[in-house]
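Enquirer:
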């Protein structure tokens, strides 16, 4: 009987240990804020496929190297792949009082507030950098930040550089970490599982990226749509505001600055403008449209570059261009226009076989121009770039 009982206990211990180490199976701490004043927060992440009852969980701390912790029970539920932000309850809407209120940005992202009044025996959210912080499930520690029973002084420092620690820092769990640190007595280096951010950084609270959840992005319908881009612009047109749905994404492309498009900055040519937005599941949606930027001139005829027997070089250039004509006979005239359609140069010559005509617009400003050439065969054009 004794041997059977011992075997059962051993098997139960093995089963519990195996379950505790199973990835993506239990809540863990995904973010830790130890900021200035009373700015303290713990973010909890649910990597499982089921909704969790938070009344089965509690958050706590082991203060100043103690081996006995103080804990506060949570309430509510936490959906799969969602987060729950616990913040120290130091709200002061009147801006008065003996204690510093938490930052408004931190208050805005909180899901719950704990410990409004400090009690020496039970105030877990009053943790400092040298206190081990823990998450419990049914009274068992399932995730620990720091080392229980050790007072590191200011805090636990990173192993790689020794330049940052659990004090005056925001720590975000690496996306590859799929389970909490259940061993609270081993050596603790925060850089093993955490990325560090400056004190009072709150922009990562309320969401967490983790490899326990991989959205099926390929099967989703792309919903990004650019709505505020014309098919063509003149190079001297004013800056236009780009719009797209849904809002909140980012525009890319030549001449794009934030949500504005500058035809002049983009330059003459055809440009692809791309809009990208990431949805709540981490899937990327994008849309792309092309727009053409040209000179403010009614351009007629064929392009010189694609016409046999006509060539302009060097282009771009310093304003001194050569027009080469081969196989065209008779009077040939040319006109150069600036971006506003103003004539800045006119000339003509008689061609007989191979001819070279010098076109000098070096006194003009740096920028884009257009050359129109009239021959007995028709009208031709070419963009000139003075640089």
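In the numbering used here, the protein residues as written are 398 to 784.
Cβ coordinates follow ideal geometry from the N, Cα and C atoms, glycine included.
Please determine, among 658, 546, 427 and 651, the residue with the shortest C-alpha to C-alpha distance to residue 583.
Expert: Residue 546 is the option with its Cα nearest to residue 583.
Enquirer: Taking the beta strand (DSSP E) that residue 596 belongs to, which residues open and close that run?
Expert: From DSSP, residue 596 is part of no beta strand (DSSP E); its letter is neither H nor E.
Enquirer: Give the single residue among 450, 453 and 428 whose Cα lies nearest to the Cα of residue 442.
Expert: Nearest C-alpha to residue 442: 428.
Enquirer: Helix, strand or coil: how does DSSP classify residue 578 here?
Expert: Here residue 578 sits in coil by DSSP.
Enquirer: Excluding sequence positions up to five away, which residues of its chain have a Cβ less than 6 Å from the Cβ of residue 760?
Expert: For residue 760, where only same-chain residues beyond five positions count, there are no Cβ hits under 6 Å.
Enquirer: Would residue 763 be called buried (16 or more neighbouring beta carbons within 10 Å of its own) or exposed?
Expert: When all chains shown are included, residue 763 counts as exposed.
Enquirer: CA-CA distance, residue 537 and residue 457?
Expert: Roughly 11 Å between the two C-alpha positions.
Enquirer: Rank 486, 701 and 738 by C-alpha distance to the C-alpha of residue 778 and give the top, closest one.
Expert: Answer by Cα proximity: 701.
Enquirer: Distance, Cα to Cα, residue 593 vs residue 423?
Expert: C-alpha separation (whole angstroms): 23 Å.
Enquirer: Looking only at its own chain, which residues have a Cβ that is under 6 Å from the Cβ of residue 435, when we skip the five neighbours before and after it?
Expert: 485, 487, 497 and 499.
Enquirer: Where does residue 705 land, buried or exposed, given buried means 16+ other C-beta within 10 angstroms?
Expert: Flag for residue 705 reads exposed.
Enquirer: Let me know the secondary structure DSSP gives residue 454 once reduced to three states.
Expert: Three-state DSSP puts residue 454 in a strand.
Enquirer: Tell me the DSSP secondary structure of residue 439 in three-state form.
Expert: Strand, per DSSP.
Enquirer: Residues in its own chain within less than 7 Å of residue 506 by CB, not counting five upstream and five downstream?
Expert: The residues are 482, 599, 602 and 603.
Enquirer: Which residue spans inside the stretch 476-524 form an unbroken alpha helix (DSSP H) run of at least 4?
Expert: List check, alpha helix (DSSP H) in window: 501-505.
Enquirer: Buried or exposed for residue 785, going by 16 or more other Cβ atoms inside 10 Å?
Expert: Residue 785 is absent from the structure shown; the chain starts at 398 and stops at 784.
Enquirer: May I ask you to list the residues that DSSP assigns as paired with residue 719?
Expert: Bridge partners of residue 719: 710 and 755.
Enquirer: Pairing CB atoms from the stretch 551-558 with CB atoms from the stretch 521-529, are three or more of them under 8 Å?
Expert: These segments touch.
Enquirer: For residue 504, is the classification buried or exposed, using 16 other Cβ atoms within 10 angstroms of its Cβ as the cut-off for buried?
Expert: Label assigned to residue 504: buried.
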